[in-house]
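Undergrad: Numbering (this note's numbering), first residue to last: 29 to 415.
The beta-carbon is built from N, C-alpha and C at its ideal position, and this holds for glycine as well.
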């Protein structure tokens, strides 16, 4: 397709969450109008877009309206029905495709894609019936049982050590299709963000080192200080292989496990910008959201350049609750007095435990300086400082 030029086109996004909000900001900065489709009348992205279509993701009238209003359409979360993307693709440019998103929505299909792309993943077994449960190799235990669909931020996951625990866990998950992954000893969790255009142009950000707490990303550091250059190159090469094999268009995040024995295995992928890439808003000359806009609009994909060492702290709703249980805004004035701090709040009115309310980026000239300020900021916020 010919490029949709800034100032002369409207971009649509399925989903009204914070990733959609940041996509809209990036698109508007380039001069695009934006339309958000989301069933929630009050959403972070809908609040900042030029237009909000309040409709379910499979509502035919809502999808038709979005197609009428927009020149190209993307999604901001992976659990949007692939059918919605396929329906829209019959009317407008859509990226990523419904087929690509469908792969990312099912762990079993996703792992088959990794293997077909020649990228190693953790030893695993698919469990969808009693025969497959009985056939599980004991070598996969202890392991983590994960629902094949609709799992994120640690949801739909159970650790199991024995065959009996596995059977009980599967029953507890209502016997839905699952994937059992062998529990592997980790040195670190890594991720790589790539952006690919419809013309096949492919660029990537540097390797990101991540720390999760309770299954939710807590800290990202770039550069990944403790990860050797050869391991980082393996991760970049594998991520690019995955995107190429998928024929992907848009921004894609691939997450990896770096194991104690030095091996690198792919964990999962997200067909959208990712929490671990939020540092790019302040630490690189082009953010993951601008690359999402460029890929959707058919603009050139410039190879991003990191200009500052960066740390990202994820800000959950727990920070808004004081020791006595009452909602209290964090001491942002004290945090923002630290050098190189950049606060991004998502416009969510109600703080809830575990709810993503924003993130804090810290930039500095060196990784050590960024890390030191991030530890100070975490201490002021009452977050753990053991990273």
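So who's on the other strand from residue 62, going by DSSP bridges?
TA: Your numbering for residue 62 matches position 34 in the chain shown. As computed with DSSP, residue 62 is found in a beta bridge with 39.
Undergrad: For a quick check, are the C-beta atoms of residue 329 and residue 236 less than 9 Å apart?
TA: One-based indexing of the chain shown puts residue 329 at position 301. One-based indexing of the chain shown puts residue 236 at position 208. The answer is no: Cβ separation not under 9 Å.
Undergrad: Can you give the beta carbon distance from residue 310 to residue 391, rounded, assuming they're within the 8 Å contact cut?
TA: The sequence position of residue 310 within the chain shown is 282, counting from 1. The sequence position of residue 391 within the chain shown is 363, counting from 1. Going by Cβ atoms, the distance from residue 310 to residue 391 rounds to 5 Å, so yes, they are a contact pair.
Undergrad: Does residue 285 come out as helix, strand or coil in the three-state DSSP assignment?
TA: Residue 285 sits at position 257 when you count from the first residue of the chain shown. Reduced to three states, the DSSP call for residue 285 is strand.
Undergrad: Within a Cβ cutoff of 8 Å, which residues of the same chain sit near residue 293, ignoring the five residues on either side of it in sequence?
TA: Locating residue 293 in the chain shown gives position 265, counting from the first residue. Here the set comprises 148, 149, 150, 212, 284, 285 and 287.
Undergrad: With a Cβ-Cβ cutoff of 9 Å, do residue 76 and residue 41 count as a contact?
TA: Residue numbering aside, residue 76 sits at position 48 when the chain shown is read from its first letter. Residue numbering aside, residue 41 sits at position 13 when the chain shown is read from its first letter. Against a cut-off of 9 Å, the Cβ pair of residue 41 and residue 76 comes out as no contact.
Undergrad: Note down, in chain order, each residue of its chain lying with its Cβ closer than 8 Å to the Cβ of residue 370, except the 5 sequence neighbours on either side.
TA: Stepping through the chain shown from its first residue, residue 370 is reached at position 342. Cβ neighbours of residue 370 beyond the five flanking positions: 309, 310, 388, 389, 390 and 391.
Undergrad: Can you name, in chain order, every residue of its own chain whose Cβ lies under 6 Å from the Cβ of residue 197, other than the five neighbours on each side?
TA: Reading the chain shown from its first residue, position 169 is the one you call residue 197. The residues are 173, 186 and 188.
Undergrad: Based on Cα-Cα distance, which residue from 60, 110 and 139 lies nearest to residue 100?
TA: Stepping through the chain shown from its first residue, residue 100 is reached at position 72. Out of 60, 110 and 139, 60 has the C-alpha closest to the C-alpha of residue 100.
Undergrad: Comparing alpha-carbon positions, which option in 335, 410 and 365 lies nearest residue 358?
TA: Position 330 of the chain shown holds residue 358. For the residues 335, 410 and 365, the minimum Cα distance to residue 358 belongs to 410.
Undergrad: Which ranges does the beta strand (DSSP E) cover as unbroken runs of at least 3 residues, wholly within the region 323 to 360, from first to last along the chain?
TA: The qualifying runs are 337 to 344.
Undergrad: Once you ignore the five residues that flank residue 319 on each side, which residues in its own chain have a CB closer than 6 Å to its CB?
TA: Taking the chain shown and counting its residues from 1, the one referred to as residue 319 is at position 291. Excluding sequence neighbours, residue 319 sits near 223 and 279.
Undergrad: Go through its chain and collect everything with a Cβ distance to residue 110's Cβ below 6 Å, but skip five positions before and after it.
TA: Along the chain shown, read from residue 1 onward, the residue named residue 110 stands at position 82. So the list reads 126, 129 and 130, once near-sequence residues are dropped.
Undergrad: On a Cα-Cα basis, can you pick out the residue from 95, 132, 135 and 105 that is closest to residue 118?
TA: Residue numbering aside, residue 118 sits at position 90 when the chain shown is read from its first letter. Comparing Cα positions, the closest option is 95.
Undergrad: Could you spell out the range, first to last residue, of the alpha helix (DSSP H) harbouring residue 104?
TA: Translated into positions along the chain shown, residue 104 becomes position 76. Premise fails: residue 104 is in no alpha helix (DSSP H) and is neither H nor E.
Undergrad: Residue 248 lies in the beta strand (DSSP E); which residues open and close that run?
TA: Position 220 of the chain shown, counted from the start, is the residue given in the question as residue 248. Element bounds for residue 248: 244 to 250.
Undergrad: Taking the straight line between their C-alpha atoms, what separation do you get for residue 32 and residue 327?
TA: Looking up residue 32 in the chain shown gives position 4. Looking up residue 327 in the chain shown gives position 299. Taking the straight line joining both Cα atoms gives about 7 Å.
Undergrad: Taking the alpha carbon of residue 402 as the point to measure from, which residue in 377, 375 and 338 has its own alpha carbon closest?
TA: Your numbering for residue 402 matches position 374 in the chain shown. With distances taken between Cα atoms, residue 402 lies closest to 338.
Undergrad: Closest by CA to residue 299, which one among 122, 154 and 82?
TA: As a working mapping, residue 299 is identified with position 271 in the chain shown. That would be 122, whose Cα lies nearest to the Cα of residue 299.
Undergrad: Could you give the first and the last residue of the continuous alpha helix (DSSP H) run that contains residue 133?
TA: Within the chain shown, residue 133 is the residue found at index 105, counting from 1. Its alpha helix (DSSP H) spans residues 126 to 133.
Undergrad: Look up residue 224 in the DSSP assignment and give the residues it is bridged to.
TA: Here residue 224 corresponds to residue number 196 of the chain shown, with the count starting at 1. 230 and 278.
Undergrad: At a cut-off of 8 Å, would you count residue 55 as near the ligand FMN, judging by its Cβ distance to the nearest heavy atom?
TA: The ligand FMN is not part of the structure shown, which contains no ligands of any sort.
Undergrad: To the nearest angstrom, report how far apart residue 49 and residue 72 are at their CA atoms.
TA: Here residue 49 refers to the residue found at position 21 when the chain shown is read from its first residue. Here residue 72 refers to the residue found at position 44 when the chain shown is read from its first residue. For residue 49 and residue 72, the distance between alpha carbons rounds to 6 Å.
Undergrad: Check residue 70 in the structure and name its three-state DSSP category.
TA: Position 42 of the chain shown holds residue 70. Coil, per DSSP.
Undergrad: Specify the secondary structure class of residue 297 as computed by DSSP and reduced to three states.
TA: Position 269 of the chain shown, counting from 1, holds the residue named residue 297. Looking at residue 297 - three-state DSSP - the assignment turns out to be strand.
Undergrad: Which residues in the same chain as residue 314 place their Cβ atom closer than 7 Å to its Cβ, once the five residues preceding and following it in sequence are excluded?
TA: Here residue 314 refers to the residue found at position 286 of the chain shown. If we look at residue 314 and ignore the five residues flanking it on each side, its Cβ neighbours are 330 and 332.
Undergrad: Can you have a look at residue 261 and say buried or exposed, based on whether 16 or more other CB atoms are within 10 angstroms of its CB?
TA: Translated into the one-based positions of the chain shown, residue 261 becomes position 233. Residue 261 comes out exposed.
Undergrad: Which residues mark the beginning and the end of the alpha helix (DSSP H) in which residue 78 is found?
TA: Residue 78 sits at position 50 when you count from the first residue of the chain shown. Residue 78 -> no alpha helix (DSSP H), and no H or E assigned at all.
Undergrad: Would you decide whether residue 152 is buried or exposed? Buried here means 16 or more other CB atoms lie within 10 Å of its CB.
TA: In the chain shown, counting from the first residue as 1, residue 152 sits at position 124. Burial call: buried.
Undergrad: Taking C-alpha atoms, which residue in 83, 243 and 205 lies nearest to residue 43?
TA: Reading the chain shown from its first residue, position 15 is the one you call residue 43. The shortest Cα separation from residue 43 among 83, 243 and 205 belongs to 83.
Undergrad: Near residue 105, which residues of its chain fall below 7 Å by C-beta distance, leaving aside the five closest residues on each side in sequence?
TA: Numbered from its first residue, the chain shown carries residue 105 at position 77. Correct list, in chain order: 43, 45, 47 and 300.
Undergrad: Can the beta-carbon of residue 143 be found closer than 9 Å to that of residue 171?
TA: Your numbering for residue 143 matches position 115 in the chain shown. Your numbering for residue 171 matches position 143 in the chain shown. No, Cβ-Cβ distance for residue 143 and residue 171 is not below 9 Å.
Undergrad: So for residue 174, helix, strand or coil by DSSP?
TA: As a first step, residue 174 is located in the chain shown; it is residue number 146 there, counting from the start. Residue 174 falls in the strand class under three-state DSSP.
Undergrad: So, helix, strand or coil for residue 376, using DSSP?
TA: Sequence index remark: in the chain shown, residue 376 carries index 348 (1-based). If DSSP states are grouped into helix, strand and coil, residue 376 belongs with coil.
Undergrad: Report the three-state DSSP secondary structure of residue 187 (helix, strand or coil).
TA: Numbered from 1 along the chain shown, position 159 holds the residue referred to as residue 187. If DSSP states are grouped into helix, strand and coil, residue 187 belongs with the strands.
Undergrad: For residue 312, which residues of its own chain have a beta-carbon under 6 Å away from its beta-carbon, when the five flanking residues on both sides are left out?
TA: Your numbering for residue 312 matches position 284 in the chain shown. Cβ neighbours of residue 312 beyond the five flanking positions: 332 and 334.
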